[in-house]
Structure formats: structure tokens, C-alpha cells
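Take a look at the structure below.
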Amino acid sequence: MTSFGNKMQVLARREKRRATRMNANAPAIIQTTASRLAVTIVNISASGARLITSDYPPSRQDVQLKVNGLSLFGRIAWRRDKTIGMRFDEALHDYSPAEIHEAVEEASALNNEFDREAVLKELMNKAPRTKNEETEDLLP
Numbered sequence: 577m578t579s580f581g582n583k584m585q586v587l588a589r590r591e592k593r594r595a596t597r598m599n600a601n602a603p604a605i606i607q608t609t610a611s612r613l614a615v616t617i618v619n620i621s622a623s624g625a626r627l628i629t630s631d632y633p634p635s636r637q638d639v640q641l642k643v644n645g646l647s648l649f650g651r652i653a654w655r656r657d658k659t660i661g662m663r664f665d666e667a668l669h670d671y672s673p674a675e676i677h678e679a680v681e682e683a684s685a686l687n688n689e690f691d692r693e694a695v696l697k698e699l700m701n702k703a704p705r706t707k708n709e710e711t712e713d714l715l716p
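Okay, structure coming up:
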């Protein structure tokens, strides 16, 4: 086989995923022994996850990924700018695919529903309540 053919076989092997990935847009936290970092899960599988963050992530560290009640332990496998590849210590056999899917979907839905700027704007637009209005609320 030619050198080019050998290189193509190596590249093809690298592209094979260990597990099927589920696309996500879910907020999560990465915790190390020294810090906590807010991240967004781009995709997740039984063997790992792809994450993005607004801060520079730790490199090749053991981490805990927390998403909607699930705690997943692993290691930062790679990073490119603010994108992180995390490999789980053990495949997620303790959680069924449905549990993982549900946790990520709920976190994603909460992320989409909560618009911090809209809530703050609404609170600022409300006029302060008078003493009479507060008293009226207490009356039957």
C-alpha cells in the first residue's frame, strides 16, 4: 500500500467514534480541585463530551462535569481555544441513555427558557409598590 493509503487508513480510524453522540445545548459546570468553570455541552455520548466555555479550560486535568443532577468524572482529553474534549473515566453504564438524554434535555430547556436580560428588564420596569397596594394584598 502507498504511503498516502496508509495515512488515509490512520485518519479513518481516528474518525470512528467509540459511542454515538447526542447533540445538546445544555449548561453545565466543570469542577477541578482548584476551580469551577461554566460550560455548554455541545454533544455527549457514553464515553465523553464536547464542551465550550467563555474562559480558557484546564488542560489534561481530572475534572467532574455536573449537569442537571448528574456528576460525571473524567479527564480533559484535548482542547482547542475554548472548546474542550472530555473523556469519561468509565463509560456511562450506571446511567441509561434515557437518563442522560433527559438530564441534558432538561438542562437545555432551562437554558433556553431563562433569559436573564429579559427578567432584569421586566423587574426594572415594574413600578415600586405603595403601602396601600401591599395592604390590599393581605386583605381577603
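Quick note, our numbering runs 576 ahead of the 1-based positions in the sequence shown. Just so it is clear, CB atoms sit at the ideal spot from N, CA and C, and this is done for glycine as well.
Item                                                                          : Value
Assigned secondary structure, S635 (DSSP; H/G/I helix, E/B strand, else coil) : coil
Under the three-state DSSP convention, the category A614 falls into           : strand
Residue interval of the beta strand (DSSP E) (run including R651)             : L646 to R656
Cβ pair A653, G661 closer than 8 Å                                            : yes
Beta-carbon spacing of S630, K658 below 8 Å                                   : yes
Residues sharing a beta bridge with L641, DSSP                                : I606 and L648
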